[in-house]
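K.L.:
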Amino acid sequence: MTSIDERLVHATAAEYGVPGPVAQELLARSRPCLYLVPYEEVPAGLREDARPAARTGGLPALPDGTDWPEGREPLVLSVDCAALPRDVLDIELPADGHLLFFTEIEYPPESSVVVHVPAGARTTERSAAYEFDGETLQTRVYEPRTLYPVAGLTLHEDWRDAPATSAFLDDGGDDDALDGFEEAVLAGASGGSRPGVCVQIGGFSDPWDMAPDEGDLVLFAQVAGQAVDYGVFTMNLIVGTHEDIARRQYAGLRYEQQC
Numbered sequence: 003m004t005s006i007d008e009r010l011v012h013a014t015a016a017e018y019g020v021p022g023p024v025a026q027e028l029l030a031r032s033r034p035c036l037y038l039v040p041y042e043e044v045p046a047g048l049r050e051d052a053r054p055a056a057r058t059g060g061l062p063a064l065p066d067g068t069d070w071p072e073g074r075e076p077l078v079l080s081v082d083c084a085a086l087p088r089d090v091l092d093i094e095l096p097a098d099g100h101l102l103f104f105t106e107i108e109y110p111p112e113s114s115v116v117v118h119v120p121a122g123a124r125t126t127e128r129s130a131a132y133e134f135d136g137e138t139l140q141t142r143v144y145e146p147r148t149l150y151p152v153a154g155l156t157l158h159e160d161w162r163d164a165p166a167t168s169a170f171l172d173d174g175g176d177d178d179a180l181d182g183f184e185e186a187v188l189a190g191a192s193g194g195s196r197p198g199v200c201v202q203i204g205g206f207s208d209p210w211d212m213a214p215d216e217g218d219l220v221l222f223a224q225v226a227g228q229a230v231d232y233g234v235f236t237m238n239l240i241v242g243t244h245e246d247i248a249r250r251q252y253a254g255l256r257y258e259q260q261c
């Protein structure tokens, strides 16, 4: 599945002088994603129909009888699953309800948790204050920011090592043309401009170090620290297997912070 028409990819390749087999390799090594961005970063052509689907920060609304997860990691992201575009991702998210992401973005996380709150559940907003050894403490609460979904396309970091693409470059193919082709495809898949610092659901990771989505592990979510707090310069990656994600077995997810 991709979020851009295959014919358009081949037309873009022809425009940049890139052979058809190279375009096919790009498509074969791509995965769709959803970017979650502030309204002002939604491409102009998509703003009229843009609807909010997520929020960074704030306090969690949890089902009655459910407390803030053990470890008291901050709430960094809430996703309204029903508000996400359907049939975009190649990982299976709940059709409705909310996904709440509790993790540390300033330091390596120790007890991160993803919670699915079912649609229709009675919920109450939880306080950040709590008691520990007779002392009142406060969990970090980030400023809430509303986010909007933008469909996009991501590429495996090694896609240029594919046979036809390697041969194109080895035979004197224009590296700048390949760069232009790649950027045009990625921008086109996102409605004309590719988001920068943001939250990403699904797709290939865009890590600062080694990619954690290798083997059986796929990217569930990627949260740039600056997307939550402008002063935090980290990349926070959450990965799991297709099966665990589809079955909502979020306890099996793995968390990695790069900085």
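Under my numbering, residues 3 to 261 are what the sequence shown spells out, in order. A virtual CB, placed ideally from N, CA and C, is assigned to each residue, including glycine. Nothing here was measured: the structure is a model prediction, and the numbers come from that model.
On the DSSP letters alone, give me the boundaries of the alpha helix (DSSP H) that phenylalanine 235 sits inside.
P.N.:
Premise fails: phenylalanine 235 is in no alpha helix (DSSP H) and is neither H nor E.
K.L.:
What do you reckon, are the CB atoms on aspartate 82 and alanine 55 nearer than 7 Å?
P.N.:
Pairing aspartate 82 with alanine 55 gives a Cβ-Cβ distance under 7 Å.
K.L.:
Going by DSSP, what residues sit across from tyrosine 257 in a beta bridge?
P.N.:
DSSP output for tyrosine 257 lists Ile240 as bridge partner(s).
K.L.:
Would you kindly check if the distance between the Cβ of arginine 33 and the Cβ of phenylalanine 206 is under 7 Å?
P.N.:
yes
K.L.:
Determine which residues share a DSSP beta bridge with histidine 1 and list them.
P.N.:
In the structure as shown, the chain starts at 3 and stops at 261, and residue 1 therefore has no counterpart that could be examined.
K.L.:
Please name the residue or residues paired with valine 152 in a DSSP beta bridge.
P.N.:
Partner(s): Tyr37.
K.L.:
Helix, strand or coil for aspartate 89, going by three-state DSSP, please let me know.
P.N.:
coil
K.L.:
What are the boundary residues of the beta strand (DSSP E) that tyrosine 108 is part of?
P.N.:
For the sequence presented, residue 108 should be read as glutamate rather than tyrosine. Note, glutamate 108: premise wrong, no beta strand (DSSP E); not H, not E.
K.L.:
Taking DSSP as the reference, what is the three-state secondary structure of threonine 167?
P.N.:
helix
K.L.:
Could you spell out the range, first to last residue, of the beta strand (DSSP E) harbouring glutamate 72?
P.N.:
No beta strand (DSSP E) contains glutamate 72, which DSSP labels as neither H nor E.
K.L.:
If we count the other Cβ atoms within 10 Å of its Cβ and call it buried at 16 or more, is histidine 100 buried or exposed?
P.N.:
buried
K.L.:
Between which residues of its own chain and threonine 4 is the CB-CB distance below 7 Å, once the five residues before and five after are set aside?
P.N.:
With a pLDDT of only 42 at threonine 4, under the threshold of 50, the placement of this residue in the model should not be trusted, and no figure is reported.
K.L.:
Report yes if the CB atom of valine 201 is closer than 7 Å to the CB atom of valine 234, and no otherwise.
P.N.:
no
K.L.:
According to DSSP, is alanine 186 helix, strand or coil?
P.N.:
helix
K.L.:
Short of 8 Å in beta carbon distance, which residues of its chain neighbour arginine 128, apart from the five on each side in sequence? Order them along the chain.
P.N.:
Leu61, Pro62, Ala63, Leu64, Asp69 and Trp70
K.L.:
Please work out which residues of its chain come closer than 6 Å, Cβ to Cβ, to aspartate 211, disregarding the five sequence neighbours upstream and downstream, and give them in chain order.
P.N.:
Gln260
K.L.:
Just list the beta strand (DSSP E) runs in the segment 189-221, keeping only unbroken ones of 3 residues or longer that don't cross its boundaries, in chain order.
P.N.:
201-203
K.L.:
From proline 87 to leucine 36, what distance separates their C-alpha atoms?
P.N.:
Whole-angstrom Cα-Cα distance: 8 Å.
K.L.:
Rounded to whole angstroms, what is the Cα-Cα separation between threonine 126 and aspartate 208?
P.N.:
35 Å
K.L.:
Can you list, in chain order, the residues of its chain with a C-beta nearer than 6 Å to that of valine 115? Leave out the 5 residues immediately preceding and following it.
P.N.:
Pro71 and Phe104
K.L.:
What first and last residue would you give for the alpha helix (DSSP H) that runs through threonine 14?
P.N.:
8-17
K.L.:
Applying the 10 Å Cβ sphere with the 16-neighbour rule, what's the burial state of proline 197?
P.N.:
By the neighbour-count rule (16 or more Cβ atoms within 10 Å), proline 197 is buried.
K.L.:
Should aspartate 66 go down as buried or exposed, given a rule of 16 or more other Cβ atoms within 10 Å for buried?
P.N.:
exposed
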